[in-house]
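At position 15 of the first sequence (counting the first as 1) the number is 871 in the working numbering, and the numbers step up by one without a gap.
Below: one structure, written as structure tokens.
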Amino acid sequence: MDSDKPRNFIQHIIENDLAEGTVKQVVTRFPPEPNGYLHIGHAKSICLNFGLAEQYGGVCNLRFDDTNPETESEEFVNAIIADVRWLGFQWDGEVRYASDYFEQLHAWAVHLIQAGKAYVCELTPDQMREYRGTLTEPGRDSPFRERSAAENLALLEAMRAGEIEEGKMVLRARIDMASPNINLRDPVLYRVKRMAHHRSGARWNIYPSYDFAHGQEDAIEGVTHSICTLEFADHRPLYDWLLDNLPVPARPRQYEFGRLNLSYTVTSKRKLKQLVEEGHVDGWDDPRMPTLAGLRRRGVTPAAIRAFCDSLAVAKTDGVVDMGQFEHFIRQDLNDNAPRALCVLRPLKVTLGNWPAGKVETLHLANHPQRPELGSRELPFGATLYIDRDDFSTDAALSRKQFKRLVLGDWVRLRGAYVIRADDVVRDASGALSEVLASVVPDTLGADPPAGIKPRGVIHWVAAENAVDCAVRLYERLFSAPEPDAGDGDFRAGINPDSLVTLTGCKAEANLGRAAPEVTFQFEREGYFCRDSFCGDRDNGNRLVFNRTIALRDASPKPAGTKPPGTEG
RNA sequence: UGGGGCGUCGCCAAGCGGCCAAGGCAGCGGGUUUUGAUCCCGCCAUUCGGAGGUUCGAGUCCUCCCGCCCCAGCCA
């Protein structure tokens, strides 16, 4: 977050609070519910909250809003902690949990009852819905609204003790059943859930609602700016009402900003969960998922995610950011930092007829064209090589502009090596291309060929001596629809059937056989790839597998909707 | 027909009454290049959802209208 960048409305508020002295030190918090994995939308919130704290010399807490044991679990807690760390943020002190405040929250519920501002209601869920009224009609008071404090206290105690069945009683705030804001029509504060909680165990049979917990948690932690998404704006009056009617130790303020929506994907925990549970993807960390775990396994770096999030506006508009914008930041970071490597995805054998028999020359290739400090690596070069089938054509009519690769009878430069000429082809019994017979142009290593020889372009290669077999997973966007969420249709209808294509028998330079997971390379002329990290409990037999993070931008001329021209095989 | 929020270039967005309406992404044109990558240069809103009004002057203030999003979980 650059200080010279235009400030968003929250920064304006904070700077104002600091200037007026109403806030001494900024305290924010990132409050996930441990009922799923974090996704790119959460990253925006994480970067905002931690970023603001850092920018204004404050602190940011990591607090789990674990008020609903029904859907939450320790697995999610651990995954979320790992994700926040991976992104590179450090929260203040220990990780906090709403469940650590259950005792205090309960005491405050008692306080509200004693003040005549909360009551135990025995309306059934259906009745409660009916009493609540509609968007245009006011609700009606619950028949249990006028109970005495003593009776309410006794009932709450019974609820807590596990003597009441789920759904039979709730504790409600006593506010205004005619409020135009439905959240103020005596909202539920506590509900009976006679089940164990992943942290507090079997101690409780009642659990606070989000509304009764969030503001008070913020107050307990001294949070100054409680930042949440737009849909909670309607809850702010309730957030304020509770803090105003409870003896809380601090007075936090809630501010809402527009959540991140990305095209060609979904950022809803419910839908992501559905993709996982219905098997459309291989898990929460499937590289096609917009989860942080998925992006990590895909090879996207924390730096790219943070740069992307910092580029996003914090405002009250809810739009859809183009996936292309995210991809831009992924490429930018990877282009700057990823070491280069050569890997042939669809191998085609090339034999250099005029290469001295048995000779293997050691070549040195830079690990990065713009950053010599990243060093170089050795690559053997011999008579048998592999190039990509898509980089060869027998069609001599192809113009140099259309096809800057190898054409029968023409020259091409092998990246970091020699210029070669395709002399002839070998076909198998079925007539399919099986090998290219070529000749090397002498003295073209690091030097231009003689006048008259003009290579069409530069292609990548791997020498047979140096090749290691690997599989490559080519990932595309998970959805072919720009806005899978739009309309009334099923978002799954937009799933891209070609979001994963696995190539086997690829030929990688031997150095890649030692690649560590989560280190992303640029396979020159192809894209960015990283070795699969085998996250989760899945395993692929420890084969060498690379996940494509993202393809290189491609300005090659291709007729709309078709494969590159002139390819054969 | 209740309440809350939002409408500035294809997408995101700055703008807080006064030079020709920032910037990023995408796109287009050109240059460099042993990655059709990167990099570099140039182009890309006489107009701010619409209509009135206030003002010497409005995207910025007022009025009305139109459109989109959220809220009727004992989810968060």
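All C-beta atoms in this analysis are idealised placements derived from N, C-alpha and C, irrespective of residue type, glycine included.
Expressed to the nearest angstrom, what Euclidean distance is found between the alpha-carbon atoms of residue i and residue j?
| i | j | result |
| --- | --- | --- |
| R985 | A1089 | 22 Å |
| M857 | G907 | Since pLDDT at M857 reaches only 40, below the 50 mark, its modelled position is unreliable, and the value read off the structure follows with that caveat. Approximately 7 Å, taken between the alpha carbons. |
| G1150 | A1337 | 20 Å |
| L1293 | I1276 | 10 Å |
| T1240 | I896 | 45 Å |
| L825 | I866 | Residue 825 lies beyond the range of the chain shown here (857 to 1425); nothing can be said about it. |
| K880 | R1126 | 39 Å |
| R1348 | I936 | 26 Å |
| T1085 | L1254 | 55 Å |
| H1065 | S1167 | With the sequence shown as reference, residue 1065 is identified as Ser, and His is not the correct amino acid for it. Each residue's Cα considered, the two are about 34 Å apart. |
| L1408 | S1232 | 22 Å |
| V1296 | T1157 | 40 Å |
| S1412 | Q1258 | 8 Å |
| V1375 | G1214 | 35 Å |
| N891 | R1312 | 55 Å |
| R855 | A1006 | No information on residue 855 is available, as it lies outside the stretch 857 to 1425 that the chain covers here. |
| I1186 | P1340 | 22 Å |
| G1155 | F1385 | 7 Å |
| L1201 | A1323 | 12 Å |
| A875 | E910 | 17 Å |
| A1197 | F1379 | 5 Å |
| L904 | E1021 | 42 Å |
| A1319 | H1184 | 33 Å |
| G913 | N1193 | 30 Å |
| P1305 | F945 | 52 Å |
| Q1503 | L1012 | This structure leaves residue 1503 out entirely; the chain is present only between 857 and 1425. |
Exposed or buried, what is residue i when buried is set at 16 or more other beta-carbons lying within 10 Å of its beta-carbon?
| i | result |
| --- | --- |
| G877 | exposed |
| E928 | buried |
| H1220 | exposed |
| R919 | buried |
| T1300 | buried |
| E1229 | exposed |
| T884 | buried |
| A1029 | buried |
| T1173 | exposed |
| M1015 | buried |
| K1363 | buried |
| E871 | exposed |
| P1298 | exposed |
| P994 | exposed |
| A1278 | buried |
| D1344 | exposed |
| E1134 | exposed |
| A1073 | What sits at residue 1073 in the sequence shown is Glu, not Ala. Flag for E1073 reads buried. |
| T1148 | Here residue 1148 turns out to be Leu, not Thr, going by the sequence shown. So L1148 counts as buried. |
| D1410 | exposed |
| T1121 | buried |
| S1286 | exposed |
| V1357 | exposed |
Under the assumption that residue i contacts residue j (Cβ atoms under 8 Å), give the Cβ distance between them as a whole number of angstroms.
| i | j | result |
| --- | --- | --- |
| L1094 | R1107 | L1094 to R1107, Cβ: 15 Å. No contact. |
| R952 | N924 | The Cβ separation is near 17 Å, so there is no contact. |
| A1252 | G1265 | 6 Å |
| K900 | L1116 | 4 Å |
| R1050 | N1061 | 5 Å |
| D1247 | L1262 | 6 Å |
| R1153 | S1389 | 5 Å |
| Y1331 | R1399 | The Cβ separation is near 17 Å, so there is no contact. |
| K1024 | V1048 | 7 Å |
| V1216 | G1180 | With a Cβ gap of about 44 Å, V1216 and G1180 do not count as contacting. |
| R1325 | G1383 | Correcting the residue identity first, residue 1325 is Asp in this sequence and not Arg. Between G1383 and D1325 the Cβ distance is about 19 Å, and since that is not below 8 Å, they are no contact. |
| V1328 | H1081 | Actually they do not touch by this definition, with Cβ atoms about 46 Å apart. |
| F1377 | P1225 | Incorrect: roughly 14 Å between the Cβ atoms, too far for contact. |
According to DSSP, residue i sits in a beta bridge with which residue or residues?
| i | result |
| --- | --- |
| G1313 | Bridge partners of G1313: none, in fact. |
| F886 | L918 |
| T1358 | R1329 |
| E1291 | K1205 and V1282 |
| F1377 | F1385 |
| F1182 | None, per the DSSP bridge assignment. |
| C1165 | Answer by DSSP bridge pairing: none, since C1165 is not bridged. |
| I1351 | F1335 |
| E1365 | A1323 |
| H1081 | R1109 |
| Curious, which full-length alpha helix (DSSP H) runs of at least 4 residues does the stretch 1110–1138 contain? | If only uninterrupted alpha helix (DSSP H) runs of at least 4 residues are considered, those enclosed by the stretch 1110–1138 are 1125–1133.
| In chain order, each beta strand (DSSP E) run of at least 3 residues that lies wholly inside the stretch 1220–1259 | Within the stretch 1220–1259, the complete beta strand (DSSP E) runs of at least 3 residues are 1232–1237 and 1240–1244.
| message | For a minimum of 3 consecutive residues, which ranges assigned as the beta strand (DSSP E) are wholly contained in the stretch 911–982? | response | List check, beta strand (DSSP E) in window: 915–920 and 974–977.
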